[in-house]
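In the working numbering, the protein residues as written are 66 to 361.
Here is the structure:
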């Protein structure tokens with residue numbers, strides 16, 4: 066056998082030994098992956114589906130055996146009780162007011178602080194930023210006692226201020242805003258200053274429009290956190306007229322009152338604002354997440 070023939074026999078075939086898209090291993094992996102995704106969607110959606118269907122069941126049917134997730138008939142008594150015999154409308158309005166105000170305040174302060182940390186040089190800037198990040202390691206339960214003492218001194222117990230002001234500064238918001246604003250070229254800001262623009266004008270006309278992706282991320286995070294907050298309102302509120310949805314609905318269940326159907330109806334209605342905020346901010350939210358992933 067000649068050398069050329071031996072060399073020809075040992076030339077590797079392109080693609081030999083590689084897994085193709087139709088190989089059994091790849092197909093099995095895809096099937097298992099899709100199966101786990103379907104299972105995850107099922108486990109996530111079922112409690113929500115049951116909450117909706119249970120809101121249309123009378124009290125006796127909620128405990129019927131054998132169990133059925135679907136109501137035997139469309140029963141609206143739970144919604145009539147919720148709107149006619151409880152303060153649900155007031156609780157809902159309180160939650161909307163507190164969550165919107167708290168979210169707007171937190172976003173505004175986070176953007177201001179993030180702008181300062183990203184585009185200004187001052188003494189101890191990095192130290193201060195590390196201190197801000199350090200507050201993320203503190204659980205809310207550590208802060209409850211000093212915050213409650215401050216609310217007493219300010220006479221903010223049973224006040225909307227106690228639900229808004231303590232959470233106006235969010236360290237995670239400062240971090241997200243700083244990381245996003247670092248990507249804005251300094252030359253753009255310098256050109257605006259040369260044209261005579263002040264810092265507030267720069268912030269309003271340049272920073273805010275370019276920060277819409279991170280604003281969407283913060284809006285969803287802050288609004289959701291405020292809407293489902295339970296522990297802090299439970300501590301600082303005693304007046305039923307100032308309850309939020311998350312605090313008012315559990316009050317329908319107690320030793321002498323067990324309106325589980327009304328609670329299910331209220332829980333279903335209370336998810337509407339969260340879904341609405343996500344649908345409005347969805348595109349910008351995804352842009353913000355993708356931008357953060359690319360920068361990382």
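Ideal Cβ placement from N, Cα and C applies to all residues, glycine included.
Can you round the beta-carbon distance between residue i and residue j to whole angstroms, since I take them to be within the 8 Å contact cut?
i	j	result
residue 178	residue 242	7 Å
residue 160	residue 310	5 Å
residue 98	residue 325	Not confirmed; about 38 Å, so no contact.
residue 111	residue 329	In fact, because the Cβ distance is near 14 Å, the residues do not count as touching under 8 Å.
Looking only at its chain, what residues have a beta carbon closer than 7 Å to the beta carbon of residue i, apart from the 5 residues adjacent to it on each side?
i	result
residue 285	342, 343, 346 and 350
residue 221	227
residue 197	236 and 239
residue 136	118, 121, 122 and 126
residue 268	180
residue 289	339
residue 170	229 and 233
Measuring straight from C-alpha to C-alpha, what distance separates residue i and residue j?
i	j	result
residue 298	residue 162	14 Å
residue 103	residue 93	15 Å
residue 202	residue 212	17 Å
residue 165	residue 314	20 Å
residue 149	residue 257	57 Å
residue 208	residue 106	36 Å
residue 266	residue 274	12 Å
residue 154	residue 187	49 Å
residue 113	residue 295	19 Å
residue 283	residue 88	43 Å
residue 199	residue 254	30 Å
residue 361	residue 348	Residue confidence is low: residue 361 scores 47 on pLDDT, short of 50, so the model does not pin down where it sits. No coordinate-derived value is stated.
residue 323	residue 264	56 Å
residue 217	residue 173	26 Å
Given a threshold of 16 other Cβ atoms within 10 Å of its Cβ, counted over all protein chains shown, does residue i qualify as buried or as exposed?
i	result
residue 302	buried
residue 141	exposed
residue 90	exposed
residue 318	exposed
residue 390	Here the chain covers residues 66 to 361 and nothing more, so residue 390 does not appear.
residue 183	buried
residue 335	buried
residue 279	buried
residue 281	buried
residue 252	exposed
residue 151	buried
residue 331	buried
residue 72	Residue confidence is low: residue 72 scores 47 on pLDDT, short of 50, so the model does not pin down where it sits. Its coordinate-derived value is still stated next. Exposed is the call here.
residue 312	buried
residue 190	exposed
residue 358	Low per-residue confidence applies at residue 358: pLDDT is 48, beneath 50, and the placement is therefore not dependable enough to give any value.
residue 308	buried
residue 287	buried
I'd like the list of long-range same chain contacts for residue i, defined as Cβ closer than 8 Å, with 5 residues on each side in sequence excluded.
i	result
residue 272	176, 180, 246 and 249
residue 157	310, 334 and 335
Can you name, in chain order, every residue of its own chain whose Cβ lies under 6 Å from the Cβ of residue i, other than the five neighbours on each side?
i	result
residue 327	143, 146, 147 and 317
residue 167	229, 232 and 291
residue 194	182
residue 192	none
Fully enclosed by the region 153-186, which alpha helix (DSSP H) runs are 4 residues long or longer?
153-184
Which ranges does the alpha helix (DSSP H) cover as unbroken runs of at least 4 residues, wholly within the region 85-161, from first to last along the chain?
89-119, 124-127 and 142-150
If we require 4 or more residues per run, which alpha helix (DSSP H) segments fall completely within the region 194-264?
205-218, 226-229, 236-246 and 251-259
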